[in-house]
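Input: a single structure, listed below in structure tokens.
Numbering (this note's numbering), first residue to last: 78 to 175.
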């Protein structure tokens, strides 16, 4: 069985950023992809906000937050985000135009 070390998440919205956060917290390097930089940044910002809430509630330590964030990156280039990934998760809206 092959291990999963790098995950690409396609779509930085509600589902995508949550999947990316869980994978990064579990120790995977995660590349979060979306069609524009504002969407990518919004997804990364939501992850940071979730981790900050976790710290406030005593569920996440500052060290865990920092390690999780260090495992995350964002991209608007699908090839860059997915090349070499052990797992690709599609979390884009159900829109044929996309």
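A virtual CB, placed ideally from N, CA and C, is assigned to each residue, including glycine. Note that the structure is a prediction, hence the values are computed from the model and not measured.
The continuous alpha helix (DSSP H) containing residue 122 extends over residues 114 to 133. Using a Cβ-Cβ distance cut-off of 8 angstroms, the stretch 127 to 142 and the stretch 150 to 160 are not in contact, since fewer than three pairs of beta carbons, one from each stretch, lie closer than that value.
Within the same chain, Cβ atoms closer than 6 angstroms to the Cβ of residue 87 are found at 110, 167 and 169, the five residues on either side in sequence being excluded.
Here the C-alpha atom of residue 149 lies approximately 22 angstroms from the C-alpha atom of residue 134. Burial check for residue 96: the Cβ neighbour count within 10 Å reaches 16 or more, so the residue is buried. Selection 165, 84 and 91 evaluated against residue 102 yields 84 as nearest (Cα-Cα). Its chain contains 128 and 132 as the residues whose beta carbon lies nearer than 7 angstroms to that of residue 142, once the 5 sequence neighbours on both sides are disregarded; these appear in chain order.
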